[in-house]
Amino acid sequence: MNAIQTNNLRKQFDENVAVRGLTLAVTQGEVFGFLGPNGAGKTTSIKMLLGLVAPTSGSAMLLGAPLGDRAVRAHIGFLPEHFRFHDWLSAREFLDLHGRLYGMSAARLRSHIAELLDLVGLTPFRDKQLRTFSKGMLQRIGLAQALLNDPALVFLDEPTSGLDPVGRRLVRDIIRDLRARGTTIFLNSHLLSEVEITCDRVAFIKHGEVLRVSELKSLVNGATSVTIRADGLTPAIVAGLGQWSRDVRADGAQVTLTVSDETALPAIARYLIAQNVAVYALTPQHLSLEDLFIQIVGTDGGL
Amino acid sequence: MATFIIARLTFLEAIRRRILLSAFLLGVAFLLLYTWGFYLMRQEALPSVPRSEVSGAILRSGLDNFLTLAGLYAVNFLAIAMGALVSADTLAGEIGSGTIQALVAKPVLRAEIVFGKWLGFAGLLALYLVLMIGGVMAVAFILDGYVVPNVATGVALIYLEALLMMTVTLMCSSMFSALATGGVIFGLYGIAFIGGWVEQFGALLENQAAVNIGVVSSLIIPSEALWRRAAYEMTPPLAQVIGISFNGPMFTVSVPSDAQIVYAVGYLALALAIGVRVFAKRDL
Numbered sequence: 001m002n003a004i005q006t007n008n009l010r011k012q013f014d015e016n017v018a019v020r021g022l023t024l025a026v027t028q029g030e031v032f033g034f035l036g037p038n039g040a041g042k043t044t045s046i047k048m049l050l051g052l053v054a055p056t057s058g059s060a061m062l063l064g065a066p067l068g069d070r071a072v073r074a075h076i077g078f079l080p081e082h083f084r085f086h087d088w089l090s091a092r093e094f095l096d097l098h099g100r101l102y103g104m105s106a107a108r109l110r111s112h113i114a115e116l117l118d119l120v121g122l123t124p125f126r127d128k129q130l131r132t133f134s135k136g137m138l139q140r141i142g143l144a145q146a147l148l149n150d151p152a153l154v155f156l157d158e159p160t161s162g163l164d165p166v167g168r169r170l171v172r173d174i175i176r177d178l179r180a181r182g183t184t185i186f187l188n189s190h191l192l193s194e195v196e197i198t199c200d201r202v203a204f205i206k207h208g209e210v211l212r213v214s215e216l217k218s219l220v221n222g223a224t225s226v227t228i229r230a231d232g233l234t235p236a237i238v239a240g241l242g243q244w245s246r247d248v249r250a251d252g253a254q255v256t257l258t259v260s261d262e263t264a265l266p267a268i269a270r271y272l273i274a275q276n277v278a279v280y281a282l283t284p285q286h287l288s289l290e291d292l293f294i295q296i297v298g299t300d301g302g303l
Numbered sequence: 304m305a306t307f308i309i310a311r312l313t314f315l316e317a318i319r320r321r322i323l324l325s326a327f328l329l330g331v332a333f334l335l336l337y338t339w340g341f342y343l344m345r346q347e348a349l350p351s352v353p354r355s356e357v358s359g360a361i362l363r364s365g366l367d368n369f370l371t372l373a374g375l376y377a378v379n380f381l382a383i384a385m386g387a388l389v390s391a392d393t394l395a396g397e398i399g400s401g402t403i404q405a406l407v408a409k410p411v412l413r414a415e416i417v418f419g420k421w422l423g424f425a426g427l428l429a430l431y432l433v434l435m436i437g438g439v440m441a442v443a444f445i446l447d448g449y450v451v452p453n454v455a456t457g458v459a460l461i462y463l464e465a466l467l468m469m470t471v472t473l474m475c476s477s478m479f480s481a482l483a484t485g486g487v488i489f490g491l492y493g494i495a496f497i498g499g500w501v502e503q504f505g506a507l508l509e510n511q512a513a514v515n516i517g518v519v520s521s522l523i524i525p526s527e528a529l530w531r532r533a534a535y536e537m538t539p540p541l542a543q544v545i546g547i548s549f550n551g552p553m554f555t556v557s558v559p560s561d562a563q564i565v566y567a568v569g570y571l572a573l574a575l576a577i578g579v580r581v582f583a584k585r586d587l
């Protein structure tokens, strides 16, 4: 059973199509990154899965239950984007309220709230009203709220926005702990460096459609940009490099190409030497997730 | 269960945001002014009351009744205003700010959230009315040992009117922004108010067209009719006959029927059902 399974989920607000047709499968226990430019439909997708927004068409299952199943929501945690709440509650009252809405008993809540406040480092502020909190502290209490029910599946919509490096490290550690416990995490983030560190798989979406779903390891390790500096490159030889890459750019004595696999490198070297090219340098360079993001999503920002 | 959690939250919000405190302090200020006014009016009017015991007692109780109902009319208005003010922003505001998102994602029905808020406001209004009506009635009782007739029926009708306006506000708040909600409620109150006047004049002058305007306005929003019925119930028949009765802006000439009370209860239930339904369907 997948933690999340969506089938052509679509949301249209009047003329405006927010999500065109989302088809995704997130397996249990993985950390799944949801990437895309602003306005790509990421938040609307999450809202559809959580029952905040009704899909125009399509279907989805969460933890094996169809969308809108109330019982399954007891096993789901959610940190909304730009998390806002009743700021006249104290940190402890706030967690108590949300715990009760999960249907948790007072006894269980009492010990659990103390643990969670400790986890997010807010124990000294437990009786302070939330309106006195900084943005980072609010994000932390929001995260504690998302973990109240020991969820099997957690949606984190921009969990590190507003956090300083210490807070970001904390979120990363929490995600790692959750994963070790077998919790499925659906992470929507702009901070690609975070995604690169925490996620198992990522989906790139644009205009509400999945462009590509890929394992992060193979994605980042596999795609390699190679820069070649050499004398004696003829257009025919440069064209011959096309057998390893579709993306060959020649600029005088320098050629840049992207290969999908490192094993292409020795073959390229042998090829060039066989053509009597004087090779001065053949430099592989791993693509960052940011490079890949731009490559897959484009530089237009989805506009 | 979630209904009570939300009701408690609504109550707590009124306390924390000092809504309850400010309503209480202003209420006390109103009661002090009212007591002073009541006392002065009695001083002014009673020396001219004829010495004969029976007619004196009648006039005295008539005056007490008039002043008590004048106070209750003000309280009635304040309760409507308070119910509308606290509930206008409740759904609209939480949708606008996004606080509603984490609530709705919990294993609760959206209807439970609306019912919970309604229950919380109903509790607040009850508390407010107990304090204010109790205060107004205490003045006449302490100064003169006077109690209006049919207290329970009258108070129940005033409470029903406050609940009605609060519920309609809550319904609007599930559809519109807080500002638009305020506009709609203000407009409805205006219709009820003017409609009530026109109907009274119509009845006094025996002008059927004017009475009909009042009836139509009571169908659009039956709040004012509830007040007029409450005032009628709490006025002794004798005072009605001799013409010293205070029944809202006008003397009650045309008395709202039982059917109008039933209509108001149905109106309230329908408004609540629409509010629940709109909120349940809405994208947040």
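Taken in sequence, the protein lines are chains A and B.
Heads up: the first sequence begins at 1 in the working numbering, then just goes up one per residue.
Heads up: the second sequence begins at 304 in the working numbering, then just goes up one per residue.
Idealized CB from N, CA, C, for every residue including glycine.
Pairwise C-alpha distance: residue j and residue i
i, j, result
"A152 (chain A)", "L24 (chain A)", "18 Å"
"M137 (chain A)", "G58 (chain A)", "38 Å"
"V378 (chain B)", "L192 (chain A)", "60 Å"
"L63 (chain A)", "Q5 (chain A)", "9 Å"
"S400 (chain B)", "V518 (chain B)", "40 Å"
"Y570 (chain B)", "I497 (chain B)", "20 Å"
"R84 (chain A)", "T123 (chain A)", "20 Å"
"Q243 (chain A)", "S288 (chain A)", "24 Å"
"A567 (chain B)", "L529 (chain B)", "8 Å"
"T56 (chain A)", "E15 (chain A)", "12 Å"
"I308 (chain B)", "D586 (chain B)", "23 Å"
"I205 (chain A)", "M435 (chain B)", "59 Å"
"M553 (chain B)", "M478 (chain B)", "Confidence in M553 (chain B) is poor, its pLDDT being 46 and thus under 50, which makes the residue's placement unreliable; the coordinate value appears in the next sentence. Rounded to whole angstroms, M553 (chain B) to M478 (chain B) spans 35 Å at the Cα level."
"H112 (chain A)", "L467 (chain B)", "41 Å"
"V357 (chain B)", "D367 (chain B)", "15 Å"
"P284 (chain A)", "R270 (chain A)", "15 Å"
"I383 (chain B)", "E158 (chain A)", "42 Å"
"G437 (chain B)", "K584 (chain B)", "41 Å"
"G359 (chain B)", "A348 (chain B)", "11 Å"
"L143 (chain A)", "F582 (chain B)", "26 Å"
"D127 (chain A)", "K420 (chain B)", "25 Å"
"L491 (chain B)", "L388 (chain B)", "14 Å"
Neighbour flag for residue i against chain A, beta carbons, 8 Å
i, result
"G401 (chain B)", "yes"
"A408 (chain B)", "yes"
"L312 (chain B)", "yes"
"I308 (chain B)", "yes"
"D586 (chain B)", "yes"
"R531 (chain B)", "no"
"L343 (chain B)", "no"
"V568 (chain B)", "no"
"V411 (chain B)", "yes"
Proximity test, Cβ basis, 8 Å: residue i and chain B
i, result
"A107 (chain A)", "no"
"P80 (chain A)", "yes"
"L101 (chain A)", "yes"
"A71 (chain A)", "yes"
"H304 (chain A)", "Outside the shown range of chain A, which is 1 to 303, sits residue 304 (chain A), and nothing can be said about it."
"V17 (chain A)", "no"
"R140 (chain A)", "no"
"F125 (chain A)", "no"
"L305 (chain A)", "Nothing about residue 305 (chain A) can be reported from this structure: the residues present for chain A run from 1 to 303 only."
"H112 (chain A)", "no"
"H86 (chain A)", "yes"
"Q12 (chain A)", "no"
DSSP beta-bridge partners of residue i
i, result
"I4 (chain A)", "A:V26, A:L62"
"K11 (chain A)", "A:V19"
"Q254 (chain A)", "A:R229, A:D251"
"Q285 (chain A)", "A:S225"
"V259 (chain A)", "A:T224"
"S57 (chain A)", "A:R10"
"V154 (chain A)", "A:G77, A:I185"
"G33 (chain A)", "A:L187, A:V202"
Cut-off 6 Å between Cβ atoms - residues of its own chain near residue i, not counting five sequence neighbours on either side
i, result
"E502 (chain B)", "V514, G517, S557"
"T160 (chain A)", "R168, V171, L191, E194"
Cutoff 7 Å; reference residue i; Cβ partners in own chain excluding five residues on either side
i, result
"H98 (chain A)", "Q145, L148"
"G551 (chain B)", "Confidence in G551 (chain B) is poor, its pLDDT being 46 and thus under 50, which makes the residue's placement unreliable; the coordinate value appears in the next sentence. Answer for G551 (chain B): Y376, G499, W530, R531, A534, listed in chain order."
"A311 (chain A)", "Outside the shown range of chain A (1 to 303) lies residue 311 (chain A), about which nothing can therefore be said."
Cβ shell of residue i (< 8 Å), same chain only, five flanking positions each side left out
i, result
"F327 (chain B)", "L434"
Fill in: Those runs of the alpha helix (DSSP H) which lie wholly inside the stretch 77-133 of chain A and span at least 4 residues
Scanning the stretch 77-133 of chain A for uninterrupted alpha helix (DSSP H) segments of 4 residues or longer gives 91-101, 106-119, listed from N- to C-terminal end.
Practice prompt. Please list the segments of the alpha helix (DSSP H) lying wholly inside the stretch 156-230 of chain A, counting only runs of 4 or more residues, in order along the chain.
Written response: 165-180, 192-198, 216-222
Worksheet item: For the stretch 315-379 of chain B, which segments carrying the alpha helix (DSSP H) assignment without a break, of at least 4 residues, lie completely within its bounds, in sequence order?
Response: 322-348
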